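Mapping of the sequence shown onto the working numbering: position 469 corresponds to residue 735, and the numbering continues sequentially without gaps. Okay, structure first, notes after.
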Amino acid sequence: MSDNSEIILSQVLQDQNEAIAPEMSPPDFFEAFCAEQATKEYELSYEEIQAGIVDGEHDGGIDSFYTFLDGECVGEEVGFTLPKKSAELEVVIIQSKSTSGFSETPIDKMISSLRRLLSLSQDFNELTQYNSEVKSRADIFRKSYKRLASKFPSLKIKVIYACTKSITDVHQNTQLKAQELVTAIRSLFDEAEVNFEFWGAKELLILARTKPTQSFELTFDQSLNGSNGYVALVKLRNFYRFLLGGGSEIRSDLFEANVRDYQGSTEVNQEISNTLESGGTDDFWWFNNGVTILASRASSGGSIITIENPQIVNGLQTSSEIGRFFSNLESDDSRSVMVKVVASENEEVRDKIIKATNSQNQVPLASLRATDKIQRDIEHHLKANGYFYDRRKNLYKNEGKPAAKIISIALMAQAVMTLFRGEPDNARARPSSLIKDDAVYSSIFSDSFALDAYLVAASTIRMIELKLKETDGLVARDRNNIRFYVLFWVCALKSKSISLNADRVSKLKDQISGDDVSDAISEVWQLFSDAGGTDQTAKGPSFKEEVKDKVKNKIQALFQQSEV
Numbered sequence: 267m268s269d270n271s272e273i274i275l276s277q278v279l280q281d282q283n284e285a286i287a288p289e290m291s292p293p294d295f296f297e298a299f300c301a302e303q304a305t306k307e308y309e310l311s312y313e314e315i316q317a318g319i320v321d322g323e324h325d326g327g328i329d330s331f332y333t334f335l336d337g338e339c340v341g342e343e344v345g346f347t348l349p350k351k352s353a354e355l356e357v358v359i360i361q362s363k364s365t366s367g368f369s370e371t372p373i374d375k376m377i378s379s380l381r382r383l384l385s386l387s388q389d390f391n392e393l394t395q396y397n398s399e400v401k402s403r404a405d406i407f408r409k410s411y412k413r414l415a416s417k418f419p420s421l422k423i424k425v426i427y428a429c430t431k432s433i434t435d436v437h438q439n440t441q442l443k444a445q446e447l448v449t450a451i452r453s454l455f456d457e458a459e460v461n462f463e464f465w466g467a468k469e470l471l472i473l474a475r476t477k478p479t480q481s482f483e484l485t486f487d488q489s490l491n492g493s494n495g496y497v498a499l500v501k502l503r504n505f506y507r508f509l510l511g512g513g514s515e516i517r518s519d520l521f522e523a524n525v526r527d528y529q530g531s532t533e534v535n536q537e538i539s540n541t542l543e544s545g546g547t548d549d550f551w552w553f554n555n556g557v558t559i560l561a562s563r564a565s566s567g568g569s570i571i572t573i574e575n576p577q578i579v580n581g582l583q584t585s586s587e588i589g590r591f592f593s594n595l596e597s598d599d600s601r602s603v604m605v606k607v608v609a610s611e612n613e614e615v616r617d618k619i620i621k622a623t624n625s626q627n628q629v630p631l632a633s634l635r636a637t638d639k640i641q642r643d644i645e646h647h648l649k650a651n652g653y654f655y656d657r658r659k660n661l662y663k664n665e666g667k668p669a670a671k672i673i674s675i676a677l678m679a680q681a682v683m684t685l686f687r688g689e690p691d692n693a694r695a696r697p698s699s700l701i702k703d704d705a706v707y708s709s710i711f712s713d714s715f716a717l718d719a720y721l722v723a724a725s726t727i728r729m730i731e732l733k734l735k736e737t738d739g740l741v742a743r744d745r746n747n748i749r750f751y752v753l754f755w756v757c758a759l760k761s762k763s764i765s766l767n768a769d770r771v772s773k774l775k776d777q778i779s780g781d782d783v784s785d786a787i788s789e790v791w792q793l794f795s796d797a798g799g800t801d802q803t804a805k806g807p808s809f810k811e812e813v814k815d816k817v818k819n820k821i822q823a824l825f826q827q828s829e830v
């Protein structure tokens, strides 16, 4: 007989499946659900979650695979800047079963697979028994680890076996298999922290009910109140508690609007550290500029300021050094830091504050893209048409909006790179770096472009992704490789021009049908398969030119037919 947790979990899964991703089958949604719970502390977007799902034929018993560097998800490009400080690399591997209880077989498969996939010396070309998705995600880890070797990174590997049943059903032999898997991984990485966890219905429900903390409390000693904010002296230990946000580690999401990461042992940071370490009777805030927190709302009661949606927009280095120094909450330190809290619900005002504050630092313009007027305009226009532009990462995910209706800045950049510049190859090859180049950015995001062009890009790429999932014989990597070529094909053919621009694309609003997309998928998939059907094929310029030539011939044929 099912216990209450199993019954409730079943209803939660059904309700969320219908509300968030009705196009997904229950087993597929369960995989995504488990992946979201397993990576919740990293606050991944729906697209990042989907990118890590590798389930399918020849997956080696692995359903999802994620690599994180200092709390940030590492993507296919592995293009991170080497950290100045010691690095922490974390791997999360998930096996999720929605149709049966826990058994030894899935763990046996993972033992065999992970011995090969995690080995730094393994030639992946020899691993023909595994699909390209699982090899690609494992290779992200291997490349990251090798690149960080000189930094001697700490390594944590967590393997999760999730099931809709109770963990009380886990047989002793299955538990022994889990220990065997841990031993196998530790034989590859002596210094790694390796953990295996069984997640049943009860554990999944607890995780599902855990919501990201959006409201923080800051305890102060003295404060000066203004019309829209506060200036307060806050004990170091109380400010450290604020940084933890109720958890055991500093909340990285507090610093998302502060575009500079922690800079390590610079001269300034060393001075901050020395001031903290020196102790004495001199107060800390005498020697430090303090911290600025931007909030949507802030209210004071007694000696506590309640802050909604806080963002530390100035003082990241100070905050980081306090975090490093004040890891012991029992420490008796009476010194204070000066904290300024500015509250505004006006997004344009908030963006101006973020941009103005960050502009005091030497940071690349690309880091401030989300605050640009065109980005706010796109968000407003898409929202009015039933889509949610994720200008502020995970805002709409946390509000429970349907996954298929949420469009990230990165996906929009890929789509309009394909359409406005005719570069589906670069859209596929450089998914995370398109908006870092000023010239490229200004060519795809401009106030002079019709907003309907961005709506067409968003709605069409989502329609394509849905149709690709419905197409038999295509795995996730195939879909990822051809989706931007399909986007170019269908829009060019509908516009009767391979020289697309924002104006031409905007005129395609409500003009592209499901049949148009299905026909484009069939044509592009055949061309892609004939050209080799690999990642390199999709990322190279040769296939792009082949697609353009084919579309051009079809357009010419259409003109000839119209003249007859």
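Glycine included, every Cβ here is placed at the ideal spot set by N, Cα and C. Predicted model only: the values in this text are computed from it and were never measured.
Since residue i contacts residue j with CB under 8 Å, what's their CB separation in whole angstroms?
i    : j    : result
K805 : A695 : 4 Å
S502 : F550 : Looking at the sequence provided, one finds Leu at residue 502 rather than Ser. Indeed, because the Cβ distance is near 6 Å, the residues count as touching under 8 Å.
I821 : S763 : 7 Å
V344 : S410 : 6 Å
N439 : E370 : 6 Å
N491 : S565 : N491 to S565, Cβ: 10 Å. No contact.
Q480 : N575 : 6 Å
F794 : N747 : 7 Å
I406 : V340 : 6 Å
L275 : L473 : Rounded, the Cβ-Cβ distance is 11 Å, inconsistent with contact.
L414 : A317 : Their Cβ separation, rounded to whole angstroms, is 21 Å, which puts L414 and A317 out of contact at 8 Å.
Would you mind stating whether residue i and residue j have Cβ atoms separated by less than 7 Å?
i    : j    : result
D435 : G495 : no
E297 : I319 : yes
I426 : I360 : yes
K606 : V497 : yes
A467 : S271 : yes
Y653 : E645 : no
N660 : E309 : yes
I538 : T584 : yes
V752 : A786 : yes
I730 : R743 : no
T485 : S544 : no
E289 : S674 : no
A561 : I286 : no
Y800 : F809 : In the sequence as displayed, the identity of residue 800 is Thr instead of Tyr. Result no, Cβ atoms of T800 and F809 do not sit closer than 7 Å.
Y396 : V358 : no
L442 : R408 : no
L447 : I328 : no
Candidates the options: which alpha carbon is nearest residue i's?
i    : options                   : result
T684 : D389, A723 and G545       : A723
L759 : K818, D599 and H647       : K818
M678 : Y720, G688, V358 and E543 : Y720
T305 : F334, S562, M290 and L793 : F334
K431 : W465, N461, E338 and S402 : W465
D487 : V771, K735, G739 and R601 : R601
T737 : V603, V756, G780 and A705 : G780
L717 : G739, L774, H324 and N535 : L774
N555 : R403, M604 and V682       : M604
L582 : Y506, G513, N651 and Q827 : Y506
R475 : E689, Q792, N664 and D815 : N664
L383 : E354, F455 and L414       : F455
V500 : F390, I571, S364 and V706 : I571
E515 : H324, R590 and I273       : R590
V557 : A823, V579 and L542       : V579
Can you tell me where the beta strand (DSSP E) holding residue i begins and where it ends?
i    : result
R563 : R563 to G567
F295 : Unbroken run through F295 is the alpha helix (DSSP H), P292 to A304; no beta strand (DSSP E).
I426 : S420 to C429
I673 : I672 to S674
F553 : It is not in any beta strand (DSSP E) - F553 carries neither H nor E in the DSSP assignment.
So what does residue i bridge to, in DSSP terms?
i    : result
V607 : Y496 and I559
L335 : E338 and L355
F654 : I672
N580 : T558
Q854 : The requested residue 854 is not part of the displayed model; the chain covers only 267 to 830.
S602 : K501
N491 : Y496
Got a sec, what are the start and stop residues for the alpha helix (DSSP H) residue i sits in?
i    : result
Q282 : N270 to I286
F462 : Where F462 is concerned, there is no enclosing alpha helix (DSSP H), although the beta strand (DSSP E) it sits in stretches over E459 to W465.
I573 : That residue, I573, is in no alpha helix (DSSP H); its beta strand (DSSP E) goes I570 to E574.
S481 : Note, S481: premise wrong, no alpha helix (DSSP H); beta strand (DSSP E) at S481 to T485.
T800 : Neither: T800 is in no alpha helix (DSSP H) and is coded neither H nor E.
P690 : P690 to A695
S784 : G780 to D796
Should residue i be counted as a contact of the ligand FMN given a C-beta to heavy atom distance under 6 Å?
i    : result
E314 : With respect to small molecules bound, the structure shown includes none, and the ligand FMN cannot be examined in it.
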